[in-house]
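Residue numbers (our numbering), protein chains in the order written: chain A, 71 to 238; chain B, 1154 to 1279.
Don't be surprised by glycine CBs; every beta carbon is placed ideally from N, CA and C.
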Amino acid sequence: MLANSEILLDAFCNAVGDLVECYGGVKPETTLTENSTDQHDFTAIIGMCDEALSASIALTTNADTVRGMSRIPLANLVDWLGELSNQLAGRYKNKLAIYGLQPRLSTPTTVTGQLLQLGALAGEVYVFSVQWPGGSFEAQLSLELESGLDLQEDHALASAEEGSLSLF
Amino acid sequence: MNTTVLIVDDSATVRQQVGIVLTQSGFKVEHACDGIEGVLRIQSGGIDCVICDVNMPNMNGLELVEAVKSCQEYSKLPIIMLTTEGAKELILRAKKAGASGWIVKPFKADLLVAAVQKLTASTVAV
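Here is the structure:
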């Protein structure tokens, strides 16, 4: 049986992979690294929490990567990076739904500067290096989980699929 | 006369993306950056359909639906939620509040256009 942290990190890696595949056209190589060494210029940060989980996601990259992940010419690079972080958090949340986790998402904030690092008051910070032929970014995830929580899959709780349409 | 679609999203890029798709399909589009601005634009009249994000500052998309649908005058205005959220609980809340549909981002252009065409086929601007 997988530990909680493995489940949460696998789900995050899958969410990152899906995001890049959707907007970059290929599955990226995603590597868990020791520390942030990224010297890209733009970062988008988004938070998510419920009673059992508190997390922040920071997505750091450069202008060329952001442009390469858009299907239209961009009027505002950091706005699109913020939306990409929102879509990453949404995908992550949707993958956590089968474990009964339903965190609420904040709206994203963008920051300009280099060597930004997330900190966590309690819990852990994980840094992923994400690379593919069309670009690269660094995805940081700070994660705090209620102690004693036992994550069990229940597919009856699954979210609606990405790209799906429901008319009422 | 063109069908007018109001796009409510706090991301200018998403508004631009949706706007391009709808404009290319013959719709006229207008924009609002949050729920409050969206409600004010709807109240000024002439909107046939709304595409609305959920997570936005000031007033979120579900609050927009509840505010709009509480007014008899706009009770038949189609509102399609376009969001990264896919939680069944939220979808049910939107349906109960009177939303007409729910699309999980990233959107497929053909599905979005088909949904707007279907929902506006029998409606007149309110």
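Burial state of residue i, where buried means 16 or more other Cβ atoms lie within 10 Å
{"i": "residue 142 of chain A", "result": "exposed"}
{"i": "residue 1243 of chain B", "result": "buried"}
{"i": "residue 1175 of chain B", "result": "buried"}
{"i": "residue 134 of chain A", "result": "exposed"}
{"i": "residue 182 of chain A", "result": "exposed"}
{"i": "residue 171 of chain A", "result": "buried"}
{"i": "residue 161 of chain A", "result": "buried"}
{"i": "residue 184 of chain A", "result": "exposed"}
{"i": "residue 1245 of chain B", "result": "exposed"}
{"i": "residue 208 of chain A", "result": "buried"}
{"i": "residue 220 of chain A", "result": "exposed"}
{"i": "residue 1259 of chain B", "result": "buried"}
{"i": "residue 156 of chain A", "result": "buried"}
{"i": "residue 1271 of chain B", "result": "exposed"}
{"i": "residue 1254 of chain B", "result": "buried"}
{"i": "residue 1202 of chain B", "result": "buried"}
{"i": "residue 1172 of chain B", "result": "buried"}
{"i": "residue 225 of chain A", "result": "exposed"}
{"i": "residue 230 of chain A", "result": "buried"}
Nearest-angstrom Cα separation, counted from residue j out to residue i
{"i": "residue 187 of chain A", "j": "residue 210 of chain A", "result": "8 Å"}
{"i": "residue 1268 of chain B", "j": "residue 216 of chain A", "result": "41 Å"}
{"i": "residue 1215 of chain B", "j": "residue 125 of chain A", "result": "23 Å"}
{"i": "residue 93 of chain A", "j": "residue 139 of chain A", "result": "5 Å"}
{"i": "residue 1222 of chain B", "j": "residue 192 of chain A", "result": "43 Å"}
{"i": "residue 75 of chain A", "j": "residue 1192 of chain B", "result": "42 Å"}
{"i": "residue 91 of chain A", "j": "residue 103 of chain A", "result": "21 Å"}
{"i": "residue 1264 of chain B", "j": "residue 149 of chain A", "result": "25 Å"}
{"i": "residue 1197 of chain B", "j": "residue 1227 of chain B", "result": "11 Å"}
{"i": "residue 1188 of chain B", "j": "residue 1213 of chain B", "result": "6 Å"}
{"i": "residue 200 of chain A", "j": "residue 163 of chain A", "result": "19 Å"}
{"i": "residue 213 of chain A", "j": "residue 89 of chain A", "result": "20 Å"}
{"i": "residue 127 of chain A", "j": "residue 159 of chain A", "result": "7 Å"}
{"i": "residue 236 of chain A", "j": "residue 1262 of chain B", "result": "15 Å"}
{"i": "residue 1179 of chain B", "j": "residue 1170 of chain B", "result": "15 Å"}
{"i": "residue 131 of chain A", "j": "residue 1274 of chain B", "result": "43 Å"}
{"i": "residue 1224 of chain B", "j": "residue 1155 of chain B", "result": "24 Å"}
{"i": "residue 79 of chain A", "j": "residue 232 of chain A", "result": "20 Å"}
{"i": "residue 206 of chain A", "j": "residue 1181 of chain B", "result": "37 Å"}
{"i": "residue 203 of chain A", "j": "residue 73 of chain A", "result": "32 Å"}
{"i": "residue 218 of chain A", "j": "residue 95 of chain A", "result": "39 Å"}
{"i": "residue 234 of chain A", "j": "residue 154 of chain A", "result": "18 Å"}
{"i": "residue 238 of chain A", "j": "residue 145 of chain A", "result": "34 Å"}
{"i": "residue 1283 of chain B", "j": "residue 105 of chain A", "result": "The requested residue 1283 of chain B does not occur in the structure, where chain B is confined to residues 1154 to 1279."}
Same chain only: Cβ atoms within 6 Å of residue i, ignoring 5 sequence neighbours per side
{"i": "residue 1241 of chain B", "result": "none"}
{"i": "residue 152 of chain A", "result": "114, 178, 180"}
{"i": "residue 123 of chain A", "result": "171, 173, 215"}
{"i": "residue 147 of chain A", "result": "133, 136"}
{"i": "residue 1237 of chain B", "result": "1258"}
{"i": "residue 1266 of chain B", "result": "1178"}
{"i": "residue 110 of chain A", "result": "130, 131, 132"}
Close-in-space but distant-in-sequence residues of the same chain around residue i (CB under 8 Å, 5 per side omitted)
{"i": "residue 87 of chain A", "result": "97, 98, 100"}
{"i": "residue 223 of chain A", "result": "168, 169"}
{"i": "residue 1218 of chain B", "result": "1205, 1232, 1234, 1247, 1250, 1251, 1252"}
{"i": "residue 121 of chain A", "result": "216"}
{"i": "residue 189 of chain A", "result": "195, 212"}
{"i": "residue 1183 of chain B", "result": "1157, 1158, 1159, 1160, 1194, 1200"}
{"i": "residue 1239 of chain B", "result": "1257"}
{"i": "residue 112 of chain A", "result": "130, 131, 132, 133, 136, 147, 148, 151, 180, 181, 182"}
{"i": "residue 198 of chain A", "result": "82, 83, 86, 100, 101, 102, 103, 208, 209, 210, 211"}
Beta-carbon proximity list for residue i, same chain, < 7 Å, skipping 5 on both sides
{"i": "residue 227 of chain A", "result": "167, 168, 170"}
{"i": "residue 165 of chain A", "result": "81, 84, 85"}
{"i": "residue 1185 of chain B", "result": "1159, 1161, 1191, 1194"}
{"i": "residue 1220 of chain B", "result": "1192"}
Short CB-CB distance (under 7 Å) between residue i and chain E
{"i": "residue 234 of chain A", "result": "Protein chains in the displayed structure are A and B, and chain E is not among them."}
Check your understanding: Can at least three beta-carbon pairs, one atom from the segment 116–132 of chain A and one from the segment 170–180 of chain A, be found at a separation below 8 Å?
Key -> Because the criterion of three Cβ pairs below 8 Å is met, the segment 116–132 of chain A and the segment 170–180 of chain A touch.
Check your understanding: Counting Cβ pairs closer than 8 Å, one from the segment 1155–1174 of chain B and one from the segment 1207–1219 of chain B, do we hit at least three?
Key -> Under the Cβ criterion (8 Å, minimum of three pairs), the segment 1155–1174 of chain B counts as touching the segment 1207–1219 of chain B.
Practice item. Starting from the N-terminal side, write out each stretch of the alpha helix (DSSP H) that is 4 residues or longer and does not extend beyond the segment 146–186 of chain A. Key: Secondary structure in the segment 146–186 of chain A: the alpha helix (DSSP H) runs of 4 residues or longer, each lying completely within the stretch, are 147–166 in chain order.
Review point. Which residue spans inside the segment 1169–1227 of chain B form an unbroken alpha helix (DSSP H) run of at least 4?
Key: Complete alpha helix (DSSP H) runs here, min 4: 1188–1196, 1214–1222.
Review point. Which ranges would you report for the beta strand (DSSP E) in the segment 96–126 of chain A if only whole runs of at least 3 residues count?
Key: Runs of beta strand (DSSP E) with 3 or more residues, each lying fully within the segment 96–126 of chain A, are found at 99–103, 112–119, listed in chain order.
Exercise for review: Counting only runs of 3+ residues fully inside the segment 1237–1265 of chain B, write out the beta strand (DSSP E) ranges in chain order.
Suggested key: Fully contained in the segment 1237–1265 of chain B are the following beta strand (DSSP E) runs of length 3 or more, in chain order: 1254–1257.
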